[in-house]
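Asks: This structure is in structure tokens; I'll ask about it shortly.
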Ligand SMILES: Cc1ncc(COP(=O)(O)O)c(C=O)c1O
């Protein structure tokens with residue numbers, strides 16, 4: 120009945136409602152496992168869209184949410200505040216800004232980006248300068264709202280809206296080979312002083328195909344754009360909270376960005392929440408309390424206390440030595456898996472960053488294709504074998520909760536081989 124009514128009443132994300140197969144009706148989650156209504160178990164090897172870091176239904180986060188629920192479920196976040204939000208903001212300011220700057224709360228990854236983009240534009244307006252162009256990487260994905268779509272790659276995701284998207288200058292993802300060309304191209308773009316901000320997913324482009332690049336190359340570009348006063352926005356929606364080996368991927372760079380976007384694992388993957396950290400320089404242009412300099416942006420559920428309680432609980436767990444050790448061990452396992460799969464004839468560019476393992480399945484036309492039909496073969500084979508993988512076209516990746524146990528990783532490993540056999 121769930122399946123029939125799902126078809127009848129629900130339109131799922133990124134889908135054509137008329138052509139969707141049955142959705143898996145999940146009734147329970149525990150640690151890395153999902154259990155469906157028919158009694159089948161799945162290993163959630165993609166952390167339910169990259170959000171879940173401590174496992175499903177974690178007793179500590181459950182308890183903290185229950186405690187908060189008994190006190191206050193929600194309150195308007197304008198004119199009112201509450202301890203869970205203040206505690207969380209203080210902790211995030213510490214992590215993102217070393218104690219300086221502020222947090223602006225929103226609802227999800229896209230809105231955390233939207234906030235940063237709007238702040239960047241208004242920052243320049245408040246300064247009396249017209250800078251409205253953004254700089255972004257080719258292959259970027261920053262979300263599905265209009266601003267976040269605009270700074271993303273122009274592709275099948277955005278093509279229907281292309282005429283309405285704003286002006287963005289794109290540069291390729293840097294490599295040892297192209298970094299000098301990019302620097303030259305950048306110098307030309309920056310000369311006109313129209314660029315408000317540079318937005319990037321540090322170290323790993325997620326939805327762009329788990330493309331990885333070096334911190335030192337990013338740093339070179341950041342240094343260059345900063346020389347022209349351009350603001351730097353790190354979109355850490357996917358990379359934050361330990362995913363790439365440091366708390367934020369930006370921690371690998373010697374300088375902090377001007378703004379940093381967070382969501383997904385912020386609440387341990389429990390509840391929707393976005394947060395944008397803003398540095399003192401950006402804040403200073405909003406200090407004067409005039410209507411023109413006010414930031415008119417807010418959402419009904421901004422700073423929701425239950426989401427804040429989940430986020431605080433998740434941060435408690437991340438500060439736990441045993442959890443940190445688990446992350447390190449998982450990183451080692453990912454490197455070992457990458458070494459093993461590198462030799463596989465059906466694969467190319469097997470890569471790893473922190474707890475993310477990614478690989479390109481060879482297809483007749485070289486490259487990355489989100490809509491490539493091999494995706495369905497890989498996805499179905501993994502599910503049949505009790506593993507939730509969600510390849511992006513021919514890009515197969517594993518991005519599990521940090522608590523995943525060795526036996527489950529072994530099942531994922533064997534499943535990857537089965538998936539690859541099916542593509543032969
Ligand atoms: C880097 C990045 N930014 C922004 C988003 C958008 O987040 P949300 O889906 O929560 O709106 C995503 C989602 O995958 C992302 O990976």
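Numbering (my numbering), first residue to last: 120 to 543.
In this text, a Cβ means the ideal position worked out from N, Cα and C, and glycines have one as well.
1) Run the CB neighbour count on residue 223, radius 10 Å, all protein chains shown included, and call it buried at 16 or more, exposed below.
2) So the candidates are 449, 330 and 501; which of them puts its Cα closest to the Cα of residue 172?
3) With burial defined as no fewer than 16 other Cβ atoms inside 10 Å of the residue's Cβ, what is the status of residue 359: buried or exposed?
4) Alpha carbon to alpha carbon, how far is residue 158 from residue 150?
5) Does ligand 1 have a heavy atom nearer than 7 Å to the CB of residue 228?
6) Just how far apart, CA to CA, sit residue 301 and residue 289?
7) Flag residue 320 as yes when its Cβ comes closer than 7 Å to any non-hydrogen atom of ligand 1, and as no otherwise.
8) Does the distance from the C-beta atom of residue 353 to that of residue 239 stay below 8 Å?
9) From 371, 542 and 245, pick the residue whose C-alpha is nearest to that of residue 411; which is it?
10) Does ligand 1 have a heavy atom nearer than 7 Å to the CB of residue 354?
11) Go ahead and label residue 128 buried or exposed: buried means 16 or more other beta carbons lie within 10 angstroms of its beta carbon, across all protein chains shown.
12) In the structure shown, what three-state DSSP assignment does residue 149 receive?
13) I need the boundaries of the beta strand (DSSP E) containing residue 92, first residue and last residue.
14) Going residue by residue through the stretch 376–458, where are the continuous alpha helix (DSSP H) segments of at least 4 residues, counting only ones entirely within it?
15) Report buried or exposed for residue 241, applying the criterion of at least 16 other Cβ atoms within 10 angstroms of its Cβ.
16) Tell me, which residues are paired with residue 352 by DSSP?
17) Cβ of residue 231 within 8 Å of Cβ of residue 356?
18) To the nearest whole angstrom, what separates the beta carbons of residue 378 and residue 365, a pair I think is in contact under 8 Å?
19) Whose C-alpha, out of 144, 470, 330 and 504, is nearest the C-alpha of residue 452?
20) Residue 252 and residue 286 look like a contact to me (Cβ under 8 Å); what is the Cβ gap, rounded to whole Å?
21) Could you tell me the alpha carbon to alpha carbon distance between residue 498 and residue 515, rounded to whole angstroms?
22) Below 6 Å CB to CB, which residues in the same chain sit around residue 456 once its five sequence neighbours on both sides are set aside?
23) Is the Cβ-Cβ distance between residue 375 and residue 314 less than 8 Å?
24) Relative to ligand 1, is the shortest distance from any of its heavy atoms to the C-beta of residue 263 smaller than 7 Å?
25) Quick one: Cα of residue 136 to Cα of residue 275, how far?
26) Using the beta-carbon count (16 or more within 10 Å), is residue 219 buried or exposed?
27) Using 7 Å as the cut-off, classify the Cβ of residue 383 as near or not near the heavy atoms of ligand 1, replying yes or no.
28) List the DSSP bridge partners of residue 81.
29) Given 7 Å as the limit, tell me if residue 325 has its C-beta closer than that to any heavy atom belonging to ligand 1.
30) Tell me which same chain residues have a C-beta within less than 6 Å of the C-beta of residue 344, skipping the five on either side of it?
31) Going by the DSSP bridge assignment, what does residue 175 pair with across the sheet?
Replies: Walking through what the data contain:
1) Position 104 of the chain shown, counted from the start, is the residue given in the question as residue 223. Its Cβ being crowded by 16 or more others within 10 Å, residue 223 is buried.
2) For the purposes of this step, residue 172 is identified with residue 53 of the chain shown, where counting begins at 1. Measuring from the Cα of residue 172, the nearest candidate turns out to be 449.
3) Residue 359 sits at position 240 when you count from the first residue of the chain shown. Counting Cβ neighbours within 10 Å, residue 359 comes out buried, since at least 16 surround it.
4) For the purposes of this step, residue 158 is taken as residue 39 along the chain shown, with counting starting at 1. For the purposes of this step, residue 150 is taken as residue 31 along the chain shown, with counting starting at 1. If you take the alpha carbons of residue 158 and residue 150, they lie about 17 Å apart.
5) Residue mapping note: residue 228 aligns to position 109 of the chain shown, counting from 1. True, at least one ligand heavy atom lies under 7 Å from that Cβ.
6) Against the chain shown, residue 301 aligns to sequence position 182. Against the chain shown, residue 289 aligns to sequence position 170. Near 10 Å, if we compare the C-alpha coordinates of residue 289 and residue 301.
7) Indexing the chain shown from 1 puts residue 320 at position 201. True, at least one ligand heavy atom lies under 7 Å from that Cβ.
8) Within the chain shown, numbered from 1, the residue matching residue 353 stands at position 234. Within the chain shown, numbered from 1, the residue matching residue 239 stands at position 120. Taking 8 Å as the Cβ cut-off, residue 353 and residue 239 do not qualify as a contacting pair.
9) In the chain shown, counting from the first residue as 1, residue 411 sits at position 292. Closest by alpha carbon: 245.
10) For the purposes of this step, residue 354 is identified with residue 235 of the chain shown, where counting begins at 1. Answer for residue 354: yes, Cβ within range of ligand 1.
11) Locating residue 128 in the chain shown gives position 9, where the first residue counts as 1. Per the 10 Å Cβ criterion, exposed.
12) Translated into the one-based positions of the chain shown, residue 149 becomes position 30. It is a strand residue.
13) Residue 92 is absent from the structure shown; the chain starts at 120 and stops at 543.
14) 399–403 and 424–437
15) Numbered from 1 along the chain shown, position 122 holds the residue referred to as residue 241. Residue 241 comes out buried.
16) Reading the chain shown from its first residue, position 233 is the one you call residue 352. Answer is 318 and 378.
17) Within the chain shown, the letter at position 112 stands for residue 231. Within the chain shown, the letter at position 237 stands for residue 356. In this structure, residue 356 lies closer than 8 Å to residue 231 by Cβ.
18) Stepping through the chain shown from its first residue, residue 378 is reached at position 259. Stepping through the chain shown from its first residue, residue 365 is reached at position 246. At roughly 18 Å, the Cβ-Cβ gap does not stay under 8 Å, so residue 378 and residue 365 are not in contact.
19) Mapped onto the chain shown, residue 452 falls at position 333. Looking at the Cα atoms, 470 is the closest of the given residues.
20) Working through the chain shown from its first residue, we reach residue 252 at position 133. Working through the chain shown from its first residue, we reach residue 286 at position 167. Their Cβ separation, rounded to whole angstroms, is 5 Å, which keeps residue 252 and residue 286 in contact under 8 Å.
21) In the chain shown, counting from the first residue as 1, residue 498 sits at position 379. In the chain shown, counting from the first residue as 1, residue 515 sits at position 396. So the alpha carbons of these two residues sit roughly 9 Å apart.
22) The sequence position of residue 456 within the chain shown is 337, counting from 1. Cβ within range, chain order: 476.
23) The residue labelled residue 375 in the question sits at position 256 within the chain shown. The residue labelled residue 314 in the question sits at position 195 within the chain shown. No; because the gap between Cβ atoms is not below 8 Å, this pair is not in contact.
24) Residue mapping note: residue 263 aligns to position 144 of the chain shown, counting from 1. Yes, Cβ of residue 263 sits closer than 7 Å to a heavy atom of ligand 1.
25) Here the question's residue 136 lines up with position 17 in the chain shown. Here the question's residue 275 lines up with position 156 in the chain shown. Taking the straight line joining both Cα atoms gives about 17 Å.
26) Numbered from its first residue, the chain shown carries residue 219 at position 100. Looking at its Cβ environment, which holds fewer than 16 other Cβ atoms inside 10 Å, residue 219 is exposed.
27) Numbered from 1 along the chain shown, position 264 holds the residue referred to as residue 383. Yes.
28) It is not possible to answer for residue 81, since the shown part of the chain is limited to 120 through 543.
29) Stepping through the chain shown from its first residue, residue 325 is reached at position 206. Because some heavy atom of ligand 1 lies under 7 Å away, the Cβ of residue 325 counts as near it: yes.
30) If you number the chain shown from 1, residue 344 lands on position 225. Excluding residues within five positions, the ones whose Cβ falls inside 6 Å are 317.
31) The residue you call residue 175 lines up with position 56 of the chain shown. In DSSP, residue 175 forms a bridge with 150.
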